[in-house]
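Written out below as structure tokens is the structure these notes cover.
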Amino acid sequence: MTYINEHYLKLTAGYLFPEIGRRVKAFTDANPAANVIRLGIGDVTEPLAPAVLQAMHAAIDELADRSKFRGYGPEQGYDFLREAIAKNDYQARGAKVDADEIFVSDGSKCDSGNILDIFGEDNVIAVLDPVYPVYVDTNVMAGHTGPADATGRYGGLVYLPVTAENNFVPELPKQRVDLIYLCYPNNPTGVVATKEMLKRWVDYAHKNSSIILYDAAYEAYITDPDIPHSIYEIDGARDVAIEFRSFSKTAGFTGVRCAFTVIPKDLKGKKRDGGEASIHSLWNRRHCTKFNGVSYPVQRGAAAIYSPEGKKQVQETIAFYLANASLMRGALTKLGIQVYGGENAPYVWLKTPGKLSSWDFFDRLLQKGHLVGTPGSGFGACGEGYFRLSAFNSRANVEEAVQRFAKAL
Ligand code: MLT
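Using our numbering, read the sequence shown as starting at 1 and increasing by one per residue.
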């Protein structure tokens with residue numbers, strides 16, 4: 001018999017979203033006539049922007065022509081895309097990021113999990129609580145934690161609570177940590193980080209020689225001009241932070257798959273002999289060995305969002321989802337529910353009414369309203385008593401959902 005990676009056996013139940021899917025399937029099997037509206041997983045519903053489609057069609061046509069055909073592309077991504085990202089997402093906002101510091105990939109979920117390949121075994125890891133489950137589960141899989149306790153928290157991880165009590169602003173860790181996962185606009189709470197907040201983290205990382213893993217997958221939803229879109233808008237971040245970005249929620253690429261990770265060349269890690277190693281070089285080595293690049297038509301489609309018409313079209317879709325979030329916020333507030341987020345983010349985070357547990361509220365919404373959301377406790381112990389609604393849906397479904405809240409609560 002072949003040995004398995006027993007760290008997987010420490011993982012609690014299923015991954016959150018498949019678990020929700022399982023429960024919803026059981027409900028729809030028992031109630032086949034129910035018209036269930038899904039506001040659970042943050043999956044986009046609106047079609048790709050015309051500029052993206054046009055660019056992808058043109059790229060496919062190139063592949064049909066022997067003189068323009070392309071096989072393997074550069075593992076790190078085509079220059080046309082890396083340059084467009086560096087110019088529009090960073091340099092235009094005053095952040096120094098060069099094209100060759102950008103690694104194009106097939107998703108931020110994959111990158112934020114795979115990044116652990118290049119870090120050592122003994123790092124102390126901090127996560128917010130509640131948290132995007134991928135950060136925790138991938139550390140469990142890699143053997144960086146002990147078993148979970150009764151609340152689902154894994155031994156060895158440093159959890160930093162973010163709840164209404166601290167206004168969703170995490171305290172800095174009381175102990176020294178090596179790796180810190182931050183996600184802003186935050187999944188699941190939908191709250192944002194100010195420049196001052198990020199500066200405190202960058203200073204902490206400098207003081208403690210830590211590295212911040214900054215997930216900015218939802219930055220395109222920021223409408224407040226004072227809120228930073230990238231950690232590299234903060235002085236000193238280049239030598240303490242890695243940033244993950246995605247076209248999934250920015251341009252509806254959840255099914256198309258394209259994202260990127262930024263690793264500044266200034267960023268260094270520590271060797272056992274006390275010397276330093278370039279994180280950029282390690283990731284480049286890993287990327288070239290384990291990844292063969294994102295397909296050419298997809299990268300052309302991604303690059304099209306930086307054209308003037310692409311920018312406008314993508315912005316319209318983002319505004320559409322934000323208007324959905326606003327409708328939900330308004331309706332829930334009228335019903336006396338305390339809501340957070342949903343203003344610079346596609347997620348509305350709410351306090352469950354009547355002190356219901358997150359999963360009890362999930363069941364109530366499903367049974368009485370035929371509505372699906374995400375139980376806050378699925379994101380961590382501090383998510384208990386909270387619930388997440390995703391604004392990714394058609395307007396008709398959101399309007400219908402808003403009507404059904406009143407009946408279900
Ligand atoms: C979510 O609903 O939290 C996201 O869709 C998950 C993801 O982006 O992987």
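For glycine and all other residues, C-beta sits at the position ideal for the given N, C-alpha and C. In this text the structure is predicted, and so the values were computed from the model without any measurement.
In the three-state scheme derived from DSSP, where H, G and I count as helix and E and B as strand, residue 112 is classed as helix. Residue 11 holds the alpha-carbon nearest to the alpha-carbon of residue 146 among 11, 88, 80.
Closer than 8 Å to some heavy atom of the ligand MLT: that describes the Cβ of residue 41. Secondary structure note for residue 318: its alpha helix (DSSP H) is the uninterrupted segment 308-334. The beta carbon of residue 299 sits closer than 6 Å to the beta carbons of 78, 81 from its chain, once the five residues preceding and following it are set aside; these are given in chain order. By the neighbour-count criterion, in which a residue is buried when 16 or more other Cβ atoms sit within 10 angstroms of its Cβ, residue 249 is buried. Judged by DSSP in its simplified three-state form, residue 23 adopts helix. Looking from the CA of residue 367, the closest CA among 150, 8, 23 belongs to 23. Counting every other CB atom within 10 Å of its CB across the protein chains shown gives residue 374 a total of 16 or more, marking it as buried. Counting C-beta pairs with one atom in each stretch, the stretch 54-70 and the stretch 195-207 have fewer than three that are closer than 8 Å, which means they do not touch.
Contact between residue 7 and residue 142 holds: CB atoms are separated by about 7 Å, below the 8 Å threshold.
Apart from the 5 residues on each side of it in sequence, residue 43 sits with its Cβ closer than 8 Å to the Cβ of 254, 390, 392 in its chain, given in chain order.
Secondary structure at residue 67: coil, using DSSP grouped into helix, strand and coil. Beta-bridge analysis with DSSP links residue 341 to 348. In this structure, residue 257 places its C-beta atom within 9 Å of the C-beta atom of residue 294. For residue 349, the closest of 45, 251, 40 by C-alpha to C-alpha distance is 40. About 6 Å separates the beta carbon of residue 260 from that of residue 103, a gap short enough to meet the 8 Å contact definition. For the pair of segments examined, the stretch 268-287 was found not to touch the stretch 343-363: the number of CB pairs separated by less than 8 Å stays below three. The DSSP assignment places complete beta strand (DSSP E) segments of no fewer than 3 residues inside the stretch 160-247 at 179-183, 211-215, 241-246, in order along the chain. The C-beta of residue 137 has 16 or more other C-beta atoms within 10 Å across all chains shown, which makes the residue buried. Residue ranges of uninterrupted beta strand (DSSP E) with 3 or more members, entirely inside the stretch 89-148 and ordered along the chain, are 102-105, 125-129. Residues 277, 279 of the same chain have their beta carbon placed closer than 6 Å to that of residue 269, with the five preceding and five following residues left out of the count. Residue environment analysis places residue 206 among the exposed positions, since fewer than 16 neighbouring C-beta atoms fall within 10 angstroms of its C-beta.
When the Cα atoms are used, residue 226 and residue 343 turn out to be separated by approximately 14 Å. For the options 154, 17, 230, 377, the alpha carbon positioned closest to that of residue 9 is the one of 154.
Membership of residue 389 in any alpha helix (DSSP H) is not indicated; the residue belongs instead to the beta strand (DSSP E) covering 386-390. Exposed is the label assigned to residue 330, since fewer than 16 other Cβ atoms lie within 10 Å of its Cβ.
When DSSP states are grouped into helix, strand and coil, residue 254 belongs to the coil group. In this structure, residue 101 sits away from residue 228, with a CB-CB distance that is not shorter than 9 Å.
Counting only residues of its own chain and dropping the five nearest sequence neighbours on each side, residue 262 has a CB closer than 6 Å to the CB of 97, 101, 102, 243. Here residue 125 really is in contact with residue 157; their C-beta atoms are around 6 Å apart, less than 8 Å.
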